[in-house]
Amino acid sequence: AILAEGHAMSGSRYLAEMLAPHFDTFRPDACLASQGERDSRGVPLCYTGAKGSLQVRLHAHGGAYPLPAGTASILRNPLWRLTWALASIKGDDEDIRIAGFYDSVEGPTRAENAQLRRISIDETGRLAAWQSNEFLFGMSGAALVRAESTLPTCNLSVLTCDPVGDLALLPSAATAMLDFQLVPAQHPDGILALLEAHLAERGFADISIERLPGSYPPAHTTQDVPFIQQVAVAGAAVYGSPLSTMPAGPFTLPLQIFTDRFGAPVASIGLCRPDSAIHGPDERVPVDDLVRHAQLLAEILSAFARS
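Heads up: the sequence shown begins at 1084 in this note's numbering, then just goes up one per residue.
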């Protein structure tokens, strides 16, 4: 069966609801997705899981309407309140300062660590395509691969205030959108509870948290599962080399529906190049890459059917 849904950027909020009526008859043997990148040789990476997702919007409120800037000496500025709250969540050292955030994190196994050390990604191509000078802390090599595959994230993507414009006023409201990418064994419900406790303990009880639809836990399949081996070996027929496997990549997918509900192994095959601008206005994948990706999927399905 081919399953396609168009709400990945907003958390795939309807996927579980859509599948629920078919849980008794839907019996997947495995789940194969197309998401991710290639290694430095141009060979797609095989991800044996995906990070989980939690998206929230923080709300700070001021007066009933925008006020003259001079009232900043006697009233709270919601934009400042929000800025201070955000600074308490994540520091300039990139550490996520929510108490307990890392407590449940299960790091990679010894076998996964060994595999991660063997992977080389196109660092030069990424930096050139993204017009960046370096990665965080100057990371490269195995440290970079391990970071993007195994570390959870806290990302700030949107800041807004009311009113919007270039007038000197005291805003009446401000919001910030945060997204967390979660790793085994973090759960969105637990992370949300930790965030609520963090804001209350740090003196930001006046800032409300809106949980956005579509959160889900991470998914993980071990590398020694036969399906993963079939997927990796199939790469040799198309690319001349087996696919390298990683526990996860720097993206989220709702694959836990298949691992948790059905006990099915999952894998995602990389398609993009560093300059694919997958979330940009000029998103692109070369036609030859699409053709070879289709050939790879056909090879995987054929091998799976033979088994």
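Ideal Cβ placement from N, Cα and C applies to all residues, glycine included.
Here the C-alpha atom of E1189 lies approximately 46 Å from the C-alpha atom of A1147. The alpha carbon of N1196 has as its nearest neighbour, out of T1305, P1369 and S1324, the alpha carbon of T1305. Secondary structure in the segment 1293-1377: the alpha helix (DSSP H) runs of 4 residues or longer, each lying completely within the stretch, are 1309-1322 in chain order. The Cβ atoms of I1383 and Q1339 do not sit closer than 8 Å to each other. Note on the segment 1269-1296: whole alpha helix (DSSP H) runs with a minimum of 4 residues are 1271-1284, in chain order. Per DSSP, A1211 is one residue of the alpha helix (DSSP H) stretching across E1206 to W1213. A1347 places its beta carbon 8 Å or farther from that of A1087. Linking N1216 to I1085 through their CA atoms gives a straight-line distance of about 40 Å. Remark: C-beta atoms of A1168 and L1137 do not approach each other more closely than 8 Å. A distance below 6 Å between beta-carbons, with the five flanking residues on each side excluded, links R1229 to the following residues of its chain, in chain order: L1199. Each of L1354, R1389, D1365 and P1364 was checked against the Cα of C1129, and the nearest Cα belongs to L1354. Three or more Cβ pairs closer than 8 Å define a contact, and the segment 1360-1367 falls short of that threshold against the segment 1286-1304. Counting the other Cβ atoms within 10 Å of the Cβ of G1135 gives 16 or more, which makes it buried. Cβ neighbours of S1171 within its own chain (closer than 6 Å, five residues either side excluded): R1285. Counting the other Cβ atoms within 10 Å of the Cβ of R1124 gives fewer than 16, which makes it exposed. Excluding its 5 nearest sequence neighbours in each direction, P1267 has C-beta neighbours in its own chain below 6 Å: E1189, P1301 and H1303, listed in chain order.
Comparing alpha carbon positions, the residue from R1201, F1345 and G1248 closest to T1108 is F1345. By the neighbour-count criterion, in which a residue is buried when 16 or more other Cβ atoms sit within 10 angstroms of its Cβ, D1178 is exposed.
A residue is called buried when at least 16 other Cβ atoms come within 10 angstroms of its Cβ; P1246 does not meet this threshold and is exposed. Taking the CA atoms as reference points, P1127 sits about 6 Å from I1352.
In the structure shown, R1229 adopts helical secondary structure according to DSSP, grouped into three states. Judged by beta-carbon spacing, A1259 lies beyond the 8 Å limit of L1158, meaning their Cβ atoms are not closer than that value.
Contact annotation: L1162 and A1257 have beta-carbon atoms nearer than 8 Å. For L1239, the enclosing beta strand (DSSP E) covers residues T1236 to D1245. Exclusion of the five residues before and after W1213 leaves P1357 as the residues of its chain whose Cβ lies within less than 8 Å of its Cβ.
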